[in-house]
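Visitor:
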Amino acid sequence: MAIPLKVAVEGMGDNYKAVDSTNNEGIVIKGKEKFEFTLASIEVKVNGKDAYLHVKESKGITTPTDLQVIKIGSDLFVPMETLTQLFGYEVKVVKKGEVYIVYIGTFKEPTKPVDKEDQFVPNHWKKSPTGLYQDVNSKYPLPAGIKPFKAKSKSFTTNYKANIDILVNELGFEKANNVAIMFPYGTSNSMTVRYSEKHKDYQIQLNYWCSCSDEVQIQNLTPYAFKEITRLFFGANSNKVYDIVEKGYKRDKAVLK
Numbered sequence: 001m002a003i004p005l006k007v008a009v010e011g012m013g014d015n016y017k018a019v020d021s022t023n024n025e026g027i028v029i030k031g032k033e034k035f036e037f038t039l040a041s042i043e044v045k046v047n048g049k050d051a052y053l054h055v056k057e058s059k060g061i062t063t064p065t066d067l068q069v070i071k072i073g074s075d076l077f078v079p080m081e082t083l084t085q086l087f088g089y090e091v092k093v094v095k096k097g098e099v100y101i102v103y104i105g106t107f108k109e110p111t112k113p114v115d116k117e118d119q120f121v122p123n124h125w126k127k128s129p130t131g132l133y134q135d136v137n138s139k140y141p142l143p144a145g146i147k148p149f150k151a152k153s154k155s156f157t158t159n160y161k162a163n164i165d166i167l168v169n170e171l172g173f174e175k176a177n178n179v180a181i182m183f184p185y186g187t188s189n190s191m192t193v194r195y196s197e198k199h200k201d202y203q204i205q206l207n208y209w210c211s212c213s214d215e216v217q218i219q220n221l222t223p224y225a226f227k228e229i230t231r232l233f234f235g236a237n238s239n240k241v242y243d244i245v246e247k248g249y250k251r252d253k254a255v256l257k
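Residues in the sequence shown are numbered consecutively from 1, following full-length UniProt numbering.
This is the structure in structure tokens:
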């Protein structure tokens, strides 16, 4: 099996340099060692001395093989064993179906985690980009170690682009032109803040899904980031707006009438 020399070497943090534009000769620098490879050669110079590109052992006797440096497209390829024999790289080949995958470097088989990750809380929420947190309200049964973002800005500006940036940089939203979107508790639930340049106003949309009208799950609770958004928009009156939406999420019959 032949491996692209440049890709393997640079992937391991060592240096590769083509001698000229033909790329028929390549130089690898690994620490204090210098390896010189030449197309169609079974030998390689190591610190100026000749060595074989590939050897094999049989009954205690080491002999060179006829495997040589080849070229595919514009890249030099070497035998897979060269990476181990010359460079000391760890190489592992894994077959998946009809495809062979070559891993170069330390390889660990994936293991099943002992504690299942909460599917409704994305990994990047474990650390706030602003470093500012708010206390977790008891109604949000978030997993241990998860803290909601708190916007450091006191209010939105009159510039909608700046406001979209606040949502992205301070509350963990994703940005798309004049829209900021968040998936608070999974891909089936989203919160979108959209600005209309035509109407000069904002639309806040919260989507959630449940399989039963009596079902109450974490992903069907009002996203905590919404409380921050109402504060940025309405200031002192934010709790009134938030409470109405919260009751709607809880399917409060008085609010839904």
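Glycine is no exception: its CB is placed at the ideal position from the N, C-alpha and C atoms.
My parser needs the beta strand (DSSP E) runs of 3 or more residues fully inside the UniProt domain "Copper amine oxidase-like N-terminal" (3 to 98); what are they?
Guide: For the UniProt domain "Copper amine oxidase-like N-terminal" (3 to 98), whole beta strand (DSSP E) runs of length 3 or above, ordered along the chain, are 15 to 18, 25 to 30, 33 to 38, 43 to 46, 49 to 52, 55 to 58, 61 to 64, 70 to 72, 75 to 79, 91 to 96.
Visitor: By Cβ distance below 7 Å, which residues in the same chain neighbour Thr-106 in space, the five residues on each side in sequence not counted?
Guide: Here residue 106 refers to the residue found at position 106 of the sequence shown. Glu-90, listed in sequence order.
Visitor: Determine the extent of the beta strand (DSSP E) in which Ser-155 is found, giving its start and end residues.
Guide: Residue numbering aside, residue 155 sits at position 155 when the sequence shown is read from its first letter. Looking at the DSSP string, Ser-155 is not in any beta strand (DSSP E), and its letter there is neither H nor E.
Visitor: On a Cα-Cα basis, can you pick out the residue from Met-191, Ile-166, Met-80 that is closest to Ile-101?
Guide: Translated into the one-based positions of the sequence shown, residue 101 becomes position 101. For Ile-101, the nearest C-alpha among the options comes from Met-80.
Visitor: Let's test the definition: count the other Cβ atoms within 10 Å of the Cβ of Pro-64 and tell me whether it reaches 16, buried, or not, exposed.
Guide: On the sequence shown, position 64 is the one that residue 64 refers to. Pro-64 is exposed by the Cβ-count criterion.
Visitor: Ordered along the chain, which non-local residues of its own chain (more than five positions away) have a Cβ less than 8 Å from that of Asn-239?
Guide: Taking the sequence shown and counting its residues from 1, the one referred to as residue 239 is at position 239. So the list reads Thr-230, once near-sequence residues are dropped.
Visitor: Using CA atoms only, rank isn't needed, just tell me which of Phe-87, Tyr-242, Tyr-103 is closest to Val-94.
Guide: In the sequence shown, residue 94 corresponds to position 94, counting from 1. Among Phe-87, Tyr-242, Tyr-103, the Cα nearest to that of Val-94 belongs to Tyr-103.
Visitor: Looking at the unbroken beta strand (DSSP E) that takes in Ala-180, where does it start and where does it end?
Guide: Translated into the one-based positions of the sequence shown, residue 180 becomes position 180. Here the beta strand (DSSP E) through Ala-180 covers 179 to 182.
Visitor: Taking 8 Å as the cut-off, does the segment 45 to 60 touch the segment 12 to 21 (at least 3 CB pairs, one atom from each stretch)?
Guide: The segment 12 to 21, when compared against the segment 45 to 60, does not touch it at the 8 Å Cβ threshold.
Visitor: Taking only the alpha-carbon atoms, compute the straight-line gap between Val-7 and Asp-66 and give it to the nearest angstrom.
Guide: Counted from its first residue, the sequence shown places residue 7 at position 7. Counted from its first residue, the sequence shown places residue 66 at position 66. Each residue's Cα considered, the two are about 23 Å apart.
Visitor: With distances taken from CA atoms, which of Thr-157, Lys-59, Lys-32, Gln-68 is nearest Leu-232?
Guide: Counted from its first residue, the sequence shown places residue 232 at position 232. Answer by Cα proximity: Thr-157.
Visitor: Could you please give me the residues that DSSP links to Ser-190 through a beta bridge?
Guide: Walking along the sequence shown from the start, residue 190 turns up at place 190. The partner list for Ser-190 (beta bridge, DSSP) reads Asn-207.
Visitor: Figure out for me which residue from Glu-228, Thr-222, Met-1, Phe-226 has the closest Cα to the Cα of Val-99.
Guide: In the sequence shown, counting from the first residue as 1, residue 99 sits at position 99. Cα-wise, what sits closest to Val-99 is Met-1.
Visitor: Give the DSSP-derived three-state secondary structure of Phe-120 in the structure shown.
Guide: Start at 1 with the first residue of the sequence shown, and residue 120 comes out as number 120. Only weak support is given to the placement of Phe-120: the predicted model assigns it a pLDDT of 43, under 50, and the question is left unresolved by the model.
Visitor: Counting C-beta neighbours from all protein chains within 10 Å, is the total for His-54 16 or more, i.e. buried, or is it exposed?
Guide: Within the sequence shown, residue 54 is the residue found at index 54, counting from 1. With 16 or more other Cβ atoms within 10 Å, it is buried.
Visitor: Quick one: give me the first and last residue of the alpha helix (DSSP H) that Ala-162 is part of.
Guide: The residue labelled residue 162 in the question sits at position 162 within the sequence shown. That run of the alpha helix (DSSP H) goes 160 to 171.
Visitor: Helix, strand or coil for Glu-197, going by three-state DSSP, please let me know.
Guide: As a working note, residue 197 is residue 197 in the sequence shown. Of the three classes helix, strand and coil, the one that applies to Glu-197 here is coil, per DSSP.
Visitor: State the start and end residues of the unbroken alpha helix (DSSP H) segment that holds Ala-236.
Guide: By one-based count along the sequence shown, residue 236 stands at place 236. Where Ala-236 is concerned, there is no enclosing alpha helix (DSSP H), given that its DSSP letter is neither H nor E.
Visitor: Going by the beta-carbon positions, is the gap between Phe-87 and Phe-37 smaller than 9 Å?
Guide: Within the sequence shown, numbered from 1, the residue matching residue 87 stands at position 87. Within the sequence shown, numbered from 1, the residue matching residue 37 stands at position 37. Cβ distance not < 9 Å, so Phe-87 and Phe-37 don't count as in contact.
Visitor: Within the same chain, show all residues whose beta-carbon is closer than 6 Å to that of Lys-17, passing over the 5 residues directly before and after it, in chain order.
Guide: In the sequence shown, the residue the question calls residue 17 occupies position 17. So the qualifying residues of the chain are Ile-27.
Visitor: Out of Val-69, Gly-31, Asp-75, Gly-172, which one is the CA nearest neighbour of Ser-21?
Guide: Start at 1 with the first residue of the sequence shown, and residue 21 comes out as number 21. Of the listed residues, the one whose Cα sits closest to Ser-21 is Asp-75.
Visitor: Taking just the CA atoms, how far does Ser-155 sit from Gly-235?
Guide: As a working note, residue 235 is residue 235 in the sequence shown. As a working note, residue 155 is residue 155 in the sequence shown. Cα to Cα, the separation comes out at about 7 Å.
Visitor: Can you list, in chain order, the residues of its chain with a C-beta nearer than 6 Å to that of Val-19? Leave out the 5 residues immediately preceding and following it.
Guide: To locate residue 19, count along the sequence shown from 1; it is residue 19. So the qualifying residues of the chain are Glu-25.
Visitor: Residues in the same chain with beta-carbon distance under 6 Å from Asn-23, minus the five sequence neighbours each way, listed in chain order, please.
Guide: By one-based count along the sequence shown, residue 23 stands at place 23. Closer than 6 Å at the Cβ level, and outside the excluded window around Asn-23, lie Ser-74.
Visitor: What residues are listed by DSSP as bridge partners for Ala-176?
Guide: In the sequence shown, counting from the first residue as 1, residue 176 sits at position 176. DSSP output for Ala-176 lists Val-179 as bridge partner(s).
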